[in-house]
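Working notes, structure below.
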Amino acid sequence: MVPNFKPYAINVAKPLLNLGYIARRAALDRPGGFDTIFDVDGAINRSLSFEKLKELDQKTMNELGQSDLSKTRLFVAYMKNDDYDDHAVAELKKSPAVRNAIQFSIKGFDGRHNDDPAVNYWFIYRLYEIMGNFGRKYE
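Numbering-wise, the sequence shown is residues 0 to 138 according to numbering that gives the first Met the number 0.
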């Protein structure tokens with residue numbers, strides 16, 4: 000069931016949306032890298048079979064697609080060669096909920112998931128911008 004909340008903004012850096020996909024590509028794309036994903040996925044699904052991991056991603060996208068983001072601004076910074084989830088931004092672009100958002104701003108940075116700290120600075124700047132919309136100052 001989709002939660003009934005309507006955030007003013009969602010600010011994300013390096014989105015990890017497809018948890019099943021991350022696990023499925025771990026052996027070839029990130030050998031010895033992020034095995035914690037199997038614990039995360041195992042807590043959600045009893046089985047870590049290829050099909051169950053694909054179903055997990057489909058369920059996530061279905062839930063997202065049912066969300067009401069019509070009053071929400073989305074800010075997403077991502078790595079163009081992300082070695083965790085290189086499908087996240089494409090999936091977000093296809094989501095009916097995201098297409099219905101007031102604003103969807105994306106910024107891509109060259110490199111893999113942990114290559115460029117500029118993505119973090121972009122995220123922080125967006126956070127300051129959101130705070131400013133509520134009259135909150137930052138220093």
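Even for Gly, the Cβ is constructed at its ideal location relative to N, Cα and C.
Between the CA atoms of residue j and residue i - distance to the nearest angstrom
i      : j      : result
Lys93  : Lys136 : 35 angstroms
Asn10  : Phe74  : 5 angstroms
Leu52  : Met60  : 13 angstroms
Asn44  : Asp56  : 11 angstroms
Ser46  : Pro14  : 24 angstroms
Tyr127 : Met78  : 21 angstroms
Among the options, nearest to residue i - alpha-carbon criterion
i      : options                      : result
Pro116 : Leu52, Ala8, Pro6, Ala12     : Ala12
Asn3   : Glu50, Tyr20, Pro14, Leu68   : Leu68
Val88  : Glu128, Gly134, Asn17        : Asn17
Arg24  : Phe49, Phe133, Met130        : Phe49
Pro95  : Leu55, Glu62, Ile43, Pro6    : Glu62
Pro6   : Arg45, Lys70, Phe108         : Lys70
Gly64  : Asn99, Pro14, His112, Arg125 : Asn99
N- and C-terminal bounds of the alpha helix (DSSP H) containing residue i
i      : result
Gln57  : 49-64
Ile123 : 117-131
Arg23  : 18-23
Beta-carbon proximity list for residue i, same chain, < 7 angstroms, skipping 5 on both sides
i     : result
Val97 : Leu68, Leu73, Leu91, Phe103
Same chain, Cβ closer than 6 angstroms to residue i, neighbours up to 5 away in sequence not counted
i     : result
Ala76 : Ala12, Lys106, Val118, Trp121, Phe122
Nearest-angstrom beta carbon gap, residue j and residue i [assumed within contact, 8 angstroms]
i      : j      : result
Tyr20  : Asp114 : So it is not a contact: roughly 20 angstroms between Cβ atoms.
Arg111 : Asn80  : 5 angstroms
Range covered by the beta strand (DSSP E) that runs through residue i
i      : result
Lys92  : Looking at the DSSP string, Lys92 is not in any beta strand (DSSP E); the run it does join, the alpha helix (DSSP H), is 87-93.
Asn143 : One cannot answer for residue 143 here, as it falls past the ends of the chain, which runs 0 to 138.
Ile101 : Unbroken run through Ile101: none, as it is neither H nor E.
Leu73  : 72-78
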